[in-house]
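Numbering-wise, the sequence shown is residues 1 to 362 according to full-length UniProt numbering. Have a look at the structure below before the remarks.
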Amino acid sequence: MKMKFKPLLYRLMLYNSDWMEKIRLFALIIPFLSVIITYLICYLNQQHHNFYFLSQYTTDKEKDNNNYKLHIGLMAVPFQPKRTKNLQSVWGNKFTTDSAFGGFNIMRTNLSLPQGYINLDYPPDMKEYMESLPTISKFWNERDRFWVSNSMQYDLSIKLISQINYFIHNTSANWFLRITDDVFINTFAINNLLRNLNENMKIDPMNDFFIGGHCLDYVKEPLLQGGSGFIFTRAAAKKFLPNMKEWVRTVDYYEDWHFARSFPKLGWPIYNSTLPEFLGLAPRKSHRFFVNHGLSKLFPKCPSEPPPLMFCKRVMPRIVDTIVWHDHKSYYETVDWFNFVNQAPDDLYWYQNGEFPSLCRK
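As structure tokens, then:
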């Protein structure tokens, strides 16, 4: 028997419809209604925030001072050129014209780079050295079998050596930042980072040993998260470089983990490496949705005492003050980061709580 199509709402209104059918039809309609109501709330509550990027200015003291110059070393993946292109268009090209610009090298990319970028490859002696390294065979779980490999971990380690070597011998900047190609940097606030290091923390990059980043200790041992990267003083880079070939030979696990294991030998406690401007693991997708639609009030109040950390310094910075973000799960298109940071209200903070950051309001 051929049945005529009747819209759901019409069928619900039929006088002779049985109650079970009505319940079933309501169950079909509710998800659609919830989506419509959510977007209506978002529209009504959407707020517009002033850009926080206006803090980018340069004082006379900073203009020709190498202590306020940053050299960036980017670890690219040759078979994913889209990442590097996106990064260049969203924030990289802006950095090459910035007052804090102290050079920008991209390690192992197949792209033709515009003016302002340096294309680096392995030095010949490092290629030969890499072939002599032992096989990595340590795995803590099945996930490790995919991520921990000779080609990946040795590649990352030797890229770091090559970039530090280039920084020391070919630049005049006194700060070096090593990052990966899935990172967003709020280039409008780089001067704020350098001022914090030079003036608030009173670090002399020519003479003081300092390596900083996002310190994590939610797993078996502490590390500096490798995606958001490490920032070195020139003094730290010079001290670390002579021992790096031997350091690579002992790599038997994730490169950033092994990097942190070298700190005790250098007399450097990882606790001192914590920088609130670095966020190594991106907030979840739902967090961006709330922020971008003016729903930040849905985040909980910040705890007076966040969960204690065993090895790392506890920090709780504002979202708008965070400068280096690692989007390791590709939750965001790179351009979305500017929107996310711009839409975040002044009272939105984050703190480390397990693998992902927790967002909260004060």
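Each residue gets a CB set at the ideal place from its N, CA and C atoms; glycine is no exception.
Straight-line Cα distance separating residue j from residue i
| i | j | result |
| --- | --- | --- |
| F278 | Y271 | 14 Å |
| I118 | P269 | 33 Å |
| K313 | I29 | 49 Å |
| M206 | F176 | 12 Å |
| Q343 | W350 | 15 Å |
| F289 | L359 | 13 Å |
| I179 | T84 | 12 Å |
| P283 | Q352 | 11 Å |
| K362 | P307 | 16 Å |
| Y52 | N186 | Model confidence at Y52 stands at a pLDDT of 38, short of 50, so the residue's coordinates are unreliable; what they give is reported in the following sentence. About 10 Å. |
| D252 | P222 | 16 Å |
| N339 | P317 | 18 Å |
| K220 | R261 | 12 Å |
| N45 | K301 | Bear in mind that a pLDDT of 43 at N45, under 50, signals an unreliable position, so the number given afterwards is only what the model happens to contain. Going by the C-alpha atoms only, they are around 19 Å apart. |
| D204 | L111 | 36 Å |
| A76 | Y166 | 16 Å |
| S354 | T233 | In the sequence under discussion, the amino acid at residue 354 is Gly, which differs from the Ser named in the question. In a straight line, the C-alpha of G354 is about 29 Å away from that of T233. |
| residue 365 | I164 | There is simply no residue 365 to check, as the chain begins at 1 and stops at 362 in what is shown. |
| E142 | L113 | Its pLDDT being 49, under 50, E142 is placed unreliably in this model, and the value from its coordinates should be taken loosely. Going by the C-alpha atoms only, they are around 38 Å apart. |
| I231 | T96 | 18 Å |
| F311 | D217 | 6 Å |
| F240 | W337 | 33 Å |
| R249 | P123 | 17 Å |
| D346 | W247 | 42 Å |
| V148 | Q88 | Only weak support exists for where V148 lies, its pLDDT of 49 falling under 50; the value from the coordinates is given anyway. If you take the alpha carbons of V148 and Q88, they lie about 28 Å apart. |
| F299 | L309 | 22 Å |
| P78 | N65 | 34 Å |
| Q80 | G213 | 25 Å |
| D321 | E62 | 20 Å |
| V341 | P242 | 39 Å |
| F356 | V315 | 14 Å |
| Q115 | N105 | 11 Å |
| residue 377 | K285 | Lying before the first or after the last residue shown, residue 377 is absent from the chain, which here runs from 1 to 362. |
| V90 | N196 | 24 Å |
Cβ separation of residue i and residue j, assumed to be a contact under 8 Å, to the nearest whole Å
| i | j | result |
| --- | --- | --- |
| K238 | I168 | 6 Å |
| L348 | I319 | 5 Å |
| L74 | D182 | Rounded, the Cβ-Cβ distance is 10 Å, inconsistent with contact. |
| N67 | N174 | 5 Å |
| L275 | H326 | In fact, because the Cβ distance is near 13 Å, the residues do not count as touching under 8 Å. |
| I323 | M244 | Wrong, their Cβ atoms sit about 27 Å apart, outside the cutoff. |
| S273 | C215 | 5 Å |
| D125 | R108 | Actually they are not in contact, since the Cβ atoms of D125 and R108 sit about 16 Å apart, beyond 8 Å. |
| H71 | T171 | 5 Å |
Alpha helix (DSSP H) segment containing residue i, residue limits
| i | result |
| --- | --- |
| H287 | 285-292 |
| T233 | Where T233 is concerned, there is no enclosing alpha helix (DSSP H), although the beta strand (DSSP E) it sits in stretches over 230-233. |
| F338 | 336-343 |
| T97 | No alpha helix (DSSP H) contains T97, which DSSP labels as neither H nor E. |
| K245 | 244-249 |
| A282 | First-last for A282: undefined, no H or E at that position. |
| E305 | From DSSP, E305 is part of no alpha helix (DSSP H); its letter is neither H nor E. |
| L193 | 190-195 |
| F311 | No alpha helix (DSSP H) holds F311; DSSP gives it neither H nor E. |
| E255 | 255-261 |
Residue(s) in a DSSP beta bridge with residue i
| i | result |
| --- | --- |
| V77 | Paired residues: none, contrary to the question. |
| S172 | BP columns for S172 are empty, so no partner. |
| I179 | L74 |
| residue 393 | The chain is shown only over 1 to 362; residue 393 falls outside these bounds and no answer can be derived. |
| H326 | V183 |
| N119 | I106 |
| T274 | G213 |
| K82 | Answer by DSSP bridge pairing: none, since K82 is not bridged. |
| R318 | Y349 |
| K69 | DSSP lists no partner for K69. |
| K301 | R361 |
Span of the beta strand (DSSP E), counted from its first residue to its last, around residue i
| i | result |
| --- | --- |
| V183 | 183-185 |
| R361 | 357-361 |
| I106 | 101-107 |
| L348 | 348-352 |
Within-8 Å CB hit, residue i to chain C
| i | result |
| --- | --- |
| D208 | The question asks about chain C, but that chain is absent: this structure has only one protein chain. |
Exercise for review: Inspect the CB distances between the segment 191-205 and the segment 101-115 and report whether three or more fall short of 8 Å.
Suggested key: no
Exercise for review: Take every Cβ of the segment 192-212, pair it with every Cβ of the segment 294-309, and state whether three or more of those distances are shorter than 8 Å.
Suggested key: The segment 192-212 is not in contact with the segment 294-309.
Point to revise | Touch test, the segment 258-269 against the segment 207-224, Cβ-Cβ under 8 Å, three pairs minimum | key: Enough Cβ pairs lie closer than 8 Å, so yes.
Review point. Does the segment 213-226 touch the segment 246-256, meaning 3 or more C-beta pairs lie closer than 8 Å?
Key: yes
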